[in-house]
Amino acid sequence: MGDMGNGAALEMMNVSKWYGQFQVLTDVNLTVAKGERIVICGPSGSGKSTLIRCVNRLEEHQRGRIIVDGIELTSDLKNIDAVRSEVGMCFQHFNLFPHLTILENCTLAPINVRRTPRKEAEALAMHFLEKVRIPDQAHKYPGQLSGGQQQRVAIARSLCMRPRIMLFDEPTSALDPEMISEVLDTMVGLAEEGMTMLCVTHEMGFARKVADRVIFMDAGRIVEENTPEAFFGNPQNERTRLFLSQIL
Ligand code: ADP
Ligand code: MG
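Numbering (full-length UniProt numbering), first residue to last: 1 to 248.
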C-alpha cells in the first residue's frame, strides 16, 4: 500500500506506448477501484495484451503514469518487484513447469520468492487447489491434466502469491469448448470473493455476469467504457457495434 493513486487498485493516466515506430497504446486512462471487475475486449491487435502486460511491467510504457495500489511503476527495480508481488497473472497458455508436480508448481514461488516455510506453502497450495476444485490432482504432473485443469492450477498458483489484483489474458481461448466453463466458473468464484480483476476475454456471458465495467479497445485506445447492460444493450461506438455483431 502506498500514498498515491487515491486508494485505487490501479490508475493509468495518459499511458502511451510504442513498439519502435508503431504506437500500440494512445493516451489510455483507466482507474480501477479495489474489488472492481473489469472486462477488456476488442479486435485482435487492438493492444489489449499490451495494456495488461504494462500493469506488471512485462512491457514498459513510454508516456503517462501507471500506479498500482499506490506504487508508481518506474524503472526502479524495487518498485517493479513491489508491484509484481501484488499482481497475479494468468495467460492463454498456462506455462506450468512440466517437470514439477501440481503441488510443486504452486509452492515454488512462495518458497523461493516469499521464503514461506515448505509446510506452510503446501497448506496454502492445497487451500487454493481446493478452491479451484482439484486438490486430488496435487501429486500429478501438468501433462497428466486436461487443459481446463491446467488453467485452474495456473490460477491457484497465482493465488498462492496472495495477489491483490489478478490479470487475465484470454485464459480460455486456448481451451477446448467443453473446458471453458470450468475455468470461467473459477473466475466467477474469485470475483464473488471480491478480488480486483482485469480480464481480457471475449466470453461475453462472463462479462455480463461479473463485470462492473466493460472496456472496448480499438487501435490502442479505449473507445468505449460502460456497464455490461449498457455496453451490450446500447453500444455507442460504431466500432463496438461492428465488433459485437461479429462475436455475438
Ligand atoms: P491484442 O492483445 O489486442 O490482440 P496486442 O497488445 O497483442 O493486441 O498487440 C497490439 C499490436 O502491437 C499488434 O499490432 C501487434 O502486432 C503489436 N505488437 C505486439 N507485441 C509486439 C512486440 N513485442 N513488438 C512489436 N509489435 C508488437
Ligand atoms: Mg492479446
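Note that the Cβ used here is the ideal one computed from N, Cα and C, for glycine as well. Every value quoted in this text rests on a predicted model; they were computed, and no experiment measured them.
Using the C-alpha atoms, what's the distance from Ala82 back to Ile215? 27 Å
Would you report the Cα separation of Glu229 and Arg241, rounded to the nearest angstrom? 14 Å
Sort out for me which residues DSSP pairs Gly194 with in a bridge. DSSP output for Gly194 lists no bridge partner at all.
So for Met89, helix, strand or coil by DSSP? strand
Given the structure, does Ser85 come close to the ligand ADP, in the sense that its CB is under 7 Å from one of the ligand's heavy atoms? no
Please confirm whether Leu51 and Ile40 have their CB atoms less than 8 Å apart. yes
Which residues in the same chain as Thr186 place their Cβ atom closer than 6 Å to its Cβ, once the five residues preceding and following it in sequence are excluded? Val132, Arg152, Ile155
What ranges does the alpha helix (DSSP H) occupy inside the region 141-190, keeping only unbroken runs of at least 4 residues that lie completely in it? 147-159
For Pro98, count the other beta carbons within 10 Å of its own beta carbon; 16 or more makes it buried, fewer makes it exposed. Which is it? exposed
Of the choices Phe94, Ala191, Ser49, whose alpha-carbon is the least far from that of Ala174? Phe94
Would you please state the rounded distance, in angstroms, between the beta carbons of Thr26 and Ala8? I believe it to be under 8 Å. The pair is not a contact, with the Cβ atoms about 21 Å apart (cut-off 8 Å).
contact_flag[the region 142-150, the region 175-182] where n(CB pairs < 8 Å) is 3 or more: yes
For the ligand ADP, I want to know if Phe91 counts as a neighbour, meaning its beta carbon is within less than 7 Å of at least one of the ligand's heavy atoms. no
Test item: CB-CB of Phe206 and Cys90 under 8 Å: no
With 16 other CB atoms within 10 Å as the buried threshold, where does Asn226 fall? buried
Sequence ranges, beta strand (DSSP E) only - wholly within the region 23-72, length at least 3: 37-41, 63-68
Can you check whether the CB of Lys140 is closer than 8 Å to the CB of Thr101? yes
Please name the residue in Val87, Lys78, Arg213, Leu103 whose C-alpha comes closest to that of Asp69. Val87
When DSSP builds the beta bridges, which residues end up paired with Ile222? Met217
Same chain, Cβ closer than 8 Å to Arg84, neighbours up to 5 away in sequence not counted: Asn56, Arg57
Listed by chain order, which residues have C-beta atoms less than 5 Å from any heavy atom of the ligand ADP? Tyr19, Val24, Ser44, Gly45, Ser46, Gly47, Lys48, Ser49, Thr50
What's the call for Ile247, buried or exposed, on a 16-neighbour Cβ count within 10 Å? exposed
Quick one: what does DSSP say Val210 is sitting in, helix, strand or coil? helix
Assuming Asn14 is part of the beta strand (DSSP E), what are its boundary residues? 10-19
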